[in-house]
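A.B. asks:
6 protein chains.
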Amino acid sequence: MALVTLIEYADASAEVRSVYDDIMKTRKVDWVNNFWKALAHDPVLLRRTWQQVKEVMAPGALDPLVKEMVYIAVSATNGCEYCTYSHTASARKQGMSDAMLMELMAVVGLANATNRLTNGLRVEVDERFRS
Amino acid sequence: MALVTLIEYADASAEVRSVYDDIMKTRKVDWVNNFWKALAHDPVLLRRTWQQVKEVMAPGALDPLVKEMVYIAVSATNGCEYCTYSHTASARKQGMSDAMLMELMAVVGLANATNRLTNGLRVEVDERFRS
Amino acid sequence: MALVTLIEYADASAEVRSVYDDIMKTRKVDWVNNFWKALAHDPVLLRRTWQQVKEVMAPGALDPLVKEMVYIAVSATNGCEYCTYSHTASARKQGMSDAMLMELMAVVGLANATNRLTNGLRVEVDERFRS
Amino acid sequence: MALVTLIEYADASAEVRSVYDDIMKTRKVDWVNNFWKALAHDPVLLRRTWQQVKEVMAPGALDPLVKEMVYIAVSATNGCEYCTYSHTASARKQGMSDAMLMELMAVVGLANATNRLTNGLRVEVDERFRS
Amino acid sequence: MALVTLIEYADASAEVRSVYDDIMKTRKVDWVNNFWKALAHDPVLLRRTWQQVKEVMAPGALDPLVKEMVYIAVSATNGCEYCTYSHTASARKQGMSDAMLMELMAVVGLANATNRLTNGLRVEVDERFRS
Amino acid sequence: MALVTLIEYADASAEVRSVYDDIMKTRKVDWVNNFWKALAHDPVLLRRTWQQVKEVMAPGALDPLVKEMVYIAVSATNGCEYCTYSHTASARKQGMSDAMLMELMAVVGLANATNRLTNGLRVEVDERFRS
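Chains as they are written, first to last, in this note's numbering: chain X, 1 to 131; chain G, 132 to 262; chain W, 263 to 393; chain B, 394 to 524; chain P, 525 to 655; chain V, 656 to 786.
(1) Does the beta carbon of histidine 742 of chain V sit closer than 8 Å to a beta carbon anywhere in chain B?
(2) Name the chain W residues whose beta carbon is nearer than 8 Å to that of arginine 703 of chain V?
(3) Are alanine 76 of chain X and glycine 764 of chain V closer than 8 Å when you measure CB to CB?
(4) Please report the straight-line C-alpha distance between leucine 455 of chain B and aspartate 325 of chain W, rounded to a whole angstrom.
(5) Within 10 angstroms of its Cβ, does glutamate 258 of chain G collect 16 or more other Cβ (buried), or is it exposed?
(6) Comparing C-alpha positions only, which one of B:Phe522, B:Trp429 and B:Lys418 sits nearest to isoleucine 400 of chain B?
(7) Would you say aspartate 229 of chain G reaches chain B, if we count a Cβ-Cβ gap shorter than 8 Å as a contact?
(8) So, using beta-carbon positions, are asparagine 246 of chain G and asparagine 78 of chain X closer together than 8 Å?
(9) Give a yes or no on contact between the segment 176 to 196 of chain G and the segment 99 to 107 of chain X, applying the rule of three or more CB pairs nearer than 8 Å.
(10) Taking the alpha-carbon positions, what's the valine 197 of chain G to phenylalanine 784 of chain V distance?
(11) Whose C-beta lies closer than 7 Å to the C-beta of alanine 40 of chain X among residues of the same chain, with five residues either side of it excluded?
(12) Going by beta carbon distance, what residues of the same chain come within less than 6 Å of alanine 466 of chain B, once the five residues before and after it are set aside?
(13) Using a beta-carbon distance below 8 Å, is aspartate 257 of chain G in contact with chain X?
(14) Look up arginine 158 of chain G in the DSSP assignment and say whether it is helix, strand or coil.
(15) Ignoring anything shorter than 4 residues, give me the alpha helix (DSSP H) runs that lie fully in the segment 671 to 755 of chain V, in order along the chain.
(16) Under 8 Å, Cβ to Cβ, is there at least one residue of chain B near leucine 634 of chain P?
(17) If you measure beta-carbon to beta-carbon, which residues of the segment 62 to 86 of chain X are closer than 8 Å to chain P?
(18) Using a Cβ-Cβ distance cut-off of 8 Å, determine whether leucine 176 of chain G contacts chain W.
(19) In angstroms, rounded to a whole number, what distance separates the CA positions of arginine 616 of chain P and asparagine 243 of chain G?
(20) If you drop the 5 nearest sequence neighbours on each side, which residues of the same chain put their C-beta closer than 6 Å to that of leucine 366 of chain W?
(21) Determine the closest residue to valine 123 of chain X out of G:Cys211, G:Ala145, G:Val256 and G:Thr249, with distance taken between C-alpha atoms.
(22) What are the boundary residues of the alpha helix (DSSP H) that includes arginine 777 of chain V?
(23) Give a yes or no on whether 8 Å exceeds the smallest Cβ distance from aspartate 152 of chain G to chain D.
(24) Run the CB neighbour count on glutamine 576 of chain P, radius 10 Å, all protein chains shown included, and call it buried at 16 or more, exposed below.
(25) Less than 7 Å between the CB of alanine 14 of chain X and some heavy atom of the ligand PLP, yes or no?
(26) I think lysine 578 of chain P touches threonine 608 of chain P, with their Cβ atoms under 8 Å apart; what is that distance to the nearest whole Å?
(27) When you compare the CB positions of leucine 3 of chain X and threonine 350 of chain W, do they come within less than 8 Å of one another, or not?
(28) Just reading off the alpha helix (DSSP H) that glutamate 270 of chain W is part of, what are its end residues?
(29) So the candidates are W:Ala300, W:Gly357 and W:Val318; which of them puts its Cα closest to the Cα of threonine 267 of chain W?
(30) With DSSP run on the structure shown, which of helix, strand or coil describes alanine 2 of chain X?
(31) Is the distance from the Cβ of valine 32 of chain X to the Cβ of tyrosine 9 of chain X below 8 Å?
(32) Taking a contact to mean a Cβ-Cβ separation below 8 Å, would you say valine 649 of chain P touches tyrosine 726 of chain V in this structure?
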């Protein structure tokens, strides 16, 4: 069990339901995933987080699928199980193939390795990079 | 000063120089950045790391610029100063604009936030995501 | 199964039992949670860790409930499942409501986001903050 | 130098200035710290982040000073230099003494230690904590 | 279920099988653990990762058991469940006792604590350490 | 400047001086590094932390030099600049060569990479590892 109960649609306030409705409408699905049902304990946090996800993940200077893959990269780095499942599902719906996922993981693994080689040896930033 | 001295081209062994030469040739530049000069204390580690960077960051199922931005996302999440400088420089050379960098940061910030909301509340993975 | 067996009271040495007894007496409960049963493989580590928890989490310049919430914030940031469960239980016993937990999570999420915006953009510390 | 230039008030657009004005008015100060000057490259991100900080850090179920200390705890855990400086300054303005800061650090250190003892030994969550 | 299916020997390509064979031969076992079966979706990544593990974990300036314990320390710090299980199993095969594991955890816990005390208080590096 | 002033021997209380004296005597040096001068703002935290370092880093089931290298591995993973400098200095005094440091870093880099490959693909722990 999660650390707070999940608030189902049937038990939700009108305020919470309006966010759930917007999630389903925006994503063209008929269900809401557990993350939002946990956040619903704080309707303001729920609304703000959903609003932020909707804005940040929308098409812009970057492609939505690229954004989903960046999300997966961060979640894998932080070891967030829920987030790797939910954003991999989302990326697949947007066209990420297994080959793309594997290549993404290769970059994530490499970056995590060289981050530590650099931090462990305290390599100084080249002046050319700073200017 | 870094925790190991940096090995300059003039002082490098033939083995190390051949890696430095390949770095400069591949990147079409006439200098080698500090990261490699620190790794050069272990020529096997130097060669393997460079080989891996060359292979993983090459065009494949993902675009090289997307890979650089994933690298930045991981480095920002881990707080690696050197890596954010070097990979931002590299991404800019490949066409990343300030608008793209800012949008990338917005995704990185959001993912780091929701990773903790999920981990802190121990939200259970929806069965639909697992199947 | 954990990576070491859990040492139950019945199987514990006198040294370990005296720590278990102190845990139960201090917390006014009749059981010991798994964390201590794992640490019991090293009675010195067990005693030192318990002593430290008792001292650090006691009332002082900060309120014990504030300390528990700080503990949850760190555990959510690090993604430690066990610690979020055990310290949320402890904080609730000391009066943390669901509203307080949700508000705590909002701060934790926000801090994790802005930590990366700052680290990713390498924002320089204002001189006013350093003096 | 940061990875993006800092946008000073004199060079800012009307949209950015209105956020800067609100920051100074809300905090009753006559300057804006570097974090916001970096975010200003993306006025939407700037406004959203400031709005979120204002809402999340306001008095609510938790005291604003408690929230600042939670922010410091997360920032110390993530190793964000900028954030530890800026939020320690903010907490001090709200009354945090050196004794409170040291006690906060003692909790942060302890939590980071036991998080790893638990994760490293893979201690199973007690059933009593889950129910 | 993992985010990719596990590729069993019977279903593997000749390229993948040759890596599986080398893993079993090198480790003198008759099975391959799940990590490799997941990586097998990208035969190049599989081969490169295995090659790297074989080289890096071999006897050299450091003892193989010391290397396994360093691996456990990193995995506990990052909270990687799979890695703590697999590398603890490997370290035990090479002679790590429960007493050694507990002592290792004591160091890991302590380092994680003092890392945050130092980062949280922003202690400046002593000049003597830099020279 | 650190977030608290450093307390020099000349300005220290008798309680703090007795810890400084023990540090210098134990390490056979005539100076105290900055970490302890920052902790000295809380003499109880100072004494407890020093006592813990003395006990945990002493010879036991593991060799002191192995422990120092584990400390470096954790500090590199967490990106703690101070800790990498101080523990590398300490390890070198105990005989760590550049070759050993580079090999240590190769393990740290590899572990950080595979931790993410595993967490990102959510590879399930093999039953054989759990029993």
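Quick reminder that beta carbons are idealized off the backbone N, C-alpha and C, glycines included.
C.D. replies: Inspection of the coordinates gives the following:
(1) no
(2) Gln314 and Glu317
(3) no
(4) 13 Å
(5) exposed
(6) B:Trp429
(7) yes
(8) yes
(9) yes
(10) 36 Å
(11) Ile7, Ala12, Val16 and Leu46
(12) Val501
(13) yes
(14) helix
(15) 689 to 694, 698 to 711, 719 to 733 and 736 to 748
(16) yes
(17) Gly79, Thr84 and Tyr85
(18) no
(19) 35 Å
(20) Met331
(21) G:Cys211
(22) Looking at the DSSP string, arginine 777 of chain V is not in any alpha helix (DSSP H), and its letter there is neither H nor E.
(23) Structure shown: chain D not included; protein chains present are X, G, W, B, P and V.
(24) buried
(25) Of the ligands one can find in the structure shown there are none, so the ligand PLP has no counterpart to examine.
(26) 21 Å between Cβ atoms; not a contact.
(27) yes
(28) Note, glutamate 270 of chain W: premise wrong, no alpha helix (DSSP H); not H, not E.
(29) W:Ala300
(30) coil
(31) yes
(32) no
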